[in-house]
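In this note's numbering, each residue's number is its place in the sequence shown (first place is 1) plus 1346.
The structure under discussion appears below in the form of structure tokens.
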Amino acid sequence: MSITAPTGEVHDQVPHHETKRTEYNLVQVKGTWTRKNRKTLRKNENERVSSAKIHECSEGRGTTWTVVSPIVFTYQVIQTQNLLDPSNDALLTGHIRDPQQLELLRGSHKPLKRFVVMDETVFKLYGCQVTDYFESRDVLYRILPLPTTEEKKSMEMVMMMLNEVHKFGIDRRTEPIIAIGGGVCLDIVGLAASLYRRRTPYIRVPTSLLSYIDASVGAKNGVNFANCKNKLGSYIPPAAALLDRSFIQTLPRRHISNGMAEMLKMALMKHKGLFELLEEQGRFLLDSRFQSNNVDLTSAAAVTTRVAIETMLEELAPNLWEDDLDRLVDFGHLISPALEMEVLPALLHGEAVNIDMAFMVYVAHERGLVTEDEKLRIVDCMLGLELPVWHRGFTLALVQRALRERLRHSGGLVRMPLPTGLGCAEIFNDTDDETLCHAYERWCDELGPGLSS
Ligand SMILES: NC(=O)c1ccc[n+]([C@@H]2O[C@H](COP(=O)([O-])OP(=O)(O)OC[C@H]3O[C@@H](n4cnc5c(N)ncnc54)[C@H](O)[C@@H]3O)[C@@H](O)[C@H]2O)c1
Ligand SMILES: [Zn+2]
């Protein structure tokens, strides 16, 4: 017996005991998408074939459709200079890759419209420049300065911001929301934009070192929830991240060290050259606030930031949604989130990460993965970057609790990245409790109270 399916194709009715599987491609002719059996698909110039597929499996009880719909994210990380100079187009059109779209925009008489969220402190420093930029480019704009602190990194802030976006009104396709500030501001705005009309494009302009090399370049955004770090969030990358190192000149020294912790993480995990640069030039970079002659691409500031971003992108791009749980970028992030939230606001993110990394270096040493000399070099480098290497809140109980949590959320394996030398690392699942305890004792003996707080 046969019946006619809505697509016009004739299907055999499947007897109770049999299973029939068909793989369909999706082909568009004159605006209508239709399924076409993959086996009989022939190329036709007038047809558009989607990369999506529908697998159909029919059996006596009914039919199951498995939809395979690949979604590609393309976004740009752009290093630029003088971002707020009205002659620089990046802030308005840097995210547009299609030359035709750019041409259309340039020819249009419709004024551009932008909603801008700025960290309050950054607004005090750069608000006038941002205003001047939009004024001189005849943009319809609204700047919303927000107190985007770690303690206020919450859904309430997202909702408050979205109310203002809604009042202002933006075209979800062509008017990206711009976030200018540190990682907290970028994370809040990223989440808000991902929620507004299901996905509104947004642009990140990082103004802290940490957000320049880390929070800007990936897809993650989020806010704290139920006293847990970044518990609510999404993996929607920005349309573009626009990086201008000159913002760092007003960043307090402690926050520069803070950003260097994430840089050191990449160095320890995968780039010996970067580690050596931080060892030798760390102090200079702190003193000079990462400012250098912009044309000089060989300056320590230019090289360290570029390598940090490149190594980060290498790890993030193939794993944008973190489906692969074995992640080197998690180094320093196994125990630190619990510590950071527990002592908030005493430790900055990078500081908590550094304390975690310092402890893990002792674990690596206890396991014979790094030598005594390498361990000392790493700790010296951390101290040179003016980062804390120990904290009283980082108790053995906290370590054990955080690792148990990690086991629950990481598919039953602890997936602990550990250095196996300088600039190389592996993921380990077999660090026993005894090793942890010995490493902890040694870490406290050598770096504990008295040496750092
Ligand atoms: N999305 C991600 O992938 C990702 C990655 C790493 C960190 N993060 C998040 O980023 C946050 C930490 O980022 P952060 O260290 O930038 O913190 P932050 O946003 O709190 O900024 C640090 C401080 O510096 C000030 N500031 C920023 N830019 C300045 C400037 N140019 N001049 C003077 N002051 C300036 C801010 O007002 C703030 O007081 C954390 O919430 C963390 O979870 C996210
Ligand atoms: Zn981090």
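Beta carbons are placed, not taken as given, at the ideal position from N, Cα and C, and that holds for glycine.
### Message
Could you compute how far the alpha carbon of G1579 sits from the alpha carbon of I1773?
### Response
Start at 1 with the first residue of the sequence shown, and residue 1579 comes out as number 233. Start at 1 with the first residue of the sequence shown, and residue 1773 comes out as number 427. Going by the C-alpha atoms only, they are around 25 Å apart.
### Query
In three-state DSSP terms, what is G1579?
Counting from one through the sequence shown, the residue named residue 1579 turns up at place 233. In the structure shown, G1579 sits in a strand (DSSP, three-state: E or B).
### Query
Can you name the residues that DSSP bridges to D1465?
Working through the sequence shown from its first residue, we reach residue 1465 at position 119. DSSP lists L1492 as partners of D1465.
### Query
Does the distance from the C-beta atom of A1698 to that of E1686 stay below 9 Å?
Walking along the sequence shown from the start, residue 1698 turns up at place 352. Walking along the sequence shown from the start, residue 1686 turns up at place 340. In contact: A1698 and E1686 (Cβ atoms closer than 9 Å).
### Query
Going by the C-beta, is D1560 closer than 8 Å to any heavy atom of ligand 2?
For the purposes of this step, residue 1560 is taken as residue 214 along the sequence shown, with counting starting at 1. Yes, Cβ of D1560 sits closer than 8 Å to a heavy atom of ligand 2.
### Query
If you count every other CB in all the chains shown that lies within 10 Å of the CB of K1385, and 16 or more means buried, which is it?
Taking the first residue of the sequence shown as position 1, residue 1385 is located at position 39. The residue in question, K1385, is exposed, as its Cβ has fewer than 16 Cβ neighbours within 10 Å.
### Query
To which residues of the same chain is S1415 closer than 7 Å at the C-beta, ignoring the five residues directly before and after it?
Within the sequence shown, residue 1415 is the residue found at index 69, counting from 1. Correct list, in chain order: A1398.
#### Entry: beta strand (DSSP E) segments (min. 3 residues) lying fully within the region 1365-1397
1365-1375 and 1378-1383
#### Entry: Cα-Cα separation between V1716 and L1722, rounded to whole angstroms
Indexing the sequence shown from 1 puts residue 1716 at position 370. Indexing the sequence shown from 1 puts residue 1722 at position 376. Cα to Cα, V1716 sits roughly 10 Å from L1722.
### Query
From the DSSP output, which residues share a beta bridge with F1571?
Here residue 1571 refers to the residue found at position 225 of the sequence shown. Paired residues: C1574.
### Message
Does the beta-carbon of E1496, which I'm using as the reference point, lie nearer than 8 Å to any heavy atom of ligand 2?
### Response
As a first step, residue 1496 is located in the sequence shown; it is residue number 150 there, counting from the start. Not under cutoff, so the answer is no.
### Query
Using the rule of at least 16 other Cβ atoms within 10 Å of the residue's Cβ for burial, across every protein chain shown, is T1350 buried or exposed?
Here residue 1350 refers to the residue found at position 4 when the sequence shown is read from its first residue. Per-residue confidence for T1350 stands at a pLDDT of 45, beneath the threshold of 50, marking its modelled position as unreliable; the derived number appears in the next sentence. With fewer than 16 other Cβ atoms within 10 Å, it is exposed.
#### Entry: Own chain, CB closer than 8 Å to T1409, minus 5 neighbours either side, in chain order
Reading the sequence shown from its first residue, position 63 is the one you call residue 1409. Closer than 8 Å at the Cβ level, and outside the excluded window around T1409, lie E1402 and C1403.
### Task
Put H1401 into one of helix, strand or coil per three-state DSSP.
By 1-based counting over the sequence shown, the position of residue 1401 is 55. DSSP places H1401 in strand when its eight states are reduced to three.
#### Entry: Residues of its chain near I1602, where Cβ-Cβ distance is below 8 Å and the 5 sequence neighbours each way are ignored
Stepping through the sequence shown from its first residue, residue 1602 is reached at position 256. Same-chain partners within the cutoff: L1555, I1594, L1631, L1632, R1635 and F1636.
### Task
Answer yes or no: do R1438 and V1485 have a C-beta to C-beta separation smaller than 9 Å?
On the sequence shown, position 92 is the one that residue 1438 refers to. On the sequence shown, position 139 is the one that residue 1485 refers to. As written in the sequence, residue 1438 is Leu, which differs from the Arg given in the question. In this structure, V1485 lies closer than 9 Å to L1438 by Cβ.
### Query
In whole angstroms, what separates the C-alpha of F1740 from that of G1696?
If you number the sequence shown from 1, residue 1740 lands on position 394. If you number the sequence shown from 1, residue 1696 lands on position 350. In a straight line, the C-alpha of F1740 is about 15 Å away from that of G1696.
### Query
How about the region 1492-1506 and the region 1463-1472: do they share at least three Cβ pairs that are nearer than 8 Å?
yes
### Straight-line gap, H1455 to W1736 (C-alpha atoms, nearest Å)
What you label residue 1455 is simply residue 109 of the sequence shown in a count that begins at 1. What you label residue 1736 is simply residue 390 of the sequence shown in a count that begins at 1. Using only the alpha carbons, I get a separation of about 58 Å.
### Query
Which residues bound the alpha helix (DSSP H) around W1789?
As a working note, residue 1789 is residue 443 in the sequence shown. Where W1789 is concerned, the enclosing alpha helix (DSSP H) stretches over D1779 to L1793.
### Per-residue DSSP class, three states only, for I1681
As a first step, residue 1681 must be located in the sequence shown, where it is residue number 335. DSSP places I1681 in coil when its eight states are reduced to three.
### Message
Contact criterion: CB-CB distance below 9 Å. Does N1434 meet it with respect to chain B?
### Response
Judged by its chain identifiers, the structure shown contains no chain B, having just a single protein chain.
### Message
Let me check understanding here. Comparing Cα to Cα, which of I1526, H1512 and L1643 lies closest to T1476?
### Response
Indexing the sequence shown from 1 puts residue 1476 at position 130. With the sequence shown as reference, residue 1476 is identified as Val, and Thr is not the correct amino acid for it. It is I1526.
### Message
Output needed for S1798: all residues of its chain with C-beta closer than 6 Å, excluding positions within five of it in sequence on either side, in chain order.
### Response
Within the sequence shown, numbered from 1, the residue matching residue 1798 stands at position 452. Its pLDDT being 48, under 50, S1798 is placed unreliably in this model, and the coordinates cannot settle the point.
### Query
Looking only at its own chain, which residues have a Cβ that is under 6 Å from the Cβ of L1694, when we skip the five neighbours before and after it?
Mapped onto the sequence shown, residue 1694 falls at position 348. The answer, listed in chain order, is N1604.
### Query
DSSP three-state call for A1565: helix, strand or coil?
Position 219 of the sequence shown, counted from the first residue, corresponds to residue 1565. Correct three-state label for A1565: coil.
### Query
Is it the case that the CB of E1668 approaches a heavy atom of ligand 2 more closely than 8 Å?
If you number the sequence shown from 1, residue 1668 lands on position 322. No; taking the cut-off as 8 Å, the Cβ of E1668 has no heavy atom of ligand 2 nearer than that.
### Query
What does a CB cutoff of less than 7 Å around P1584 pick up in its chain, not counting 5 residues either side in sequence?
On the sequence shown, position 238 is the one that residue 1584 refers to. Within the same chain, P1584 has close Cβ partners Y1421, G1536, Y1548, I1549 and R1550.
### Query
N1800 to V1373, Cα distance in whole Å?
Absent from the model: residue 1800. The displayed extent of the chain is 1347 to 1799, so no value can be given.
### Query
In chain order, what residues of the same chain lie with their CB nearer than 6 Å to the CB of A1607, ignoring the 5 residues before and after it?
What you label residue 1607 is simply residue 261 of the sequence shown in a count that begins at 1. G1696, V1699, N1700 and L1733, listed in sequence order.
### Task
Could you have a look at E1772 and say whether DSSP puts it in helix, strand or coil?
Looking up residue 1772 in the sequence shown gives position 426. If DSSP states are grouped into helix, strand and coil, E1772 belongs with the strands.
#### Entry: Where the alpha helix (DSSP H) containing V1745 begins and where it ends
One-based indexing of the sequence shown puts residue 1745 at position 399. Run containing V1745: L1742 to H1755, per the alpha helix (DSSP H) assignment.
### Query
Tell me the DSSP bridge mates of P1765?
One-based indexing of the sequence shown puts residue 1765 at position 419. Beta-bridge pairing links P1765 to A1771.
### Query
Among P1552, F1514, G1767 and K1513, which one has its Cα closest to the Cα of L1614?
On the sequence shown, position 268 is the one that residue 1614 refers to. For the residues P1552, F1514, G1767 and K1513, the minimum Cα distance to L1614 belongs to G1767.
### Task
Quick one: grab the DSSP three-state call for G1758.
Residue 1758 sits at position 412 when you count from the first residue of the sequence shown. Note: G1758 maps to coil in three-state DSSP.
### Query
Would you say E1661 touches ligand 2, meaning its beta carbon is less than 8 Å from a heavy atom?
Counted from its first residue, the sequence shown places residue 1661 at position 315. Because no heavy atom of ligand 2 lies under 8 Å away, the Cβ of E1661 does not count as near it: no.
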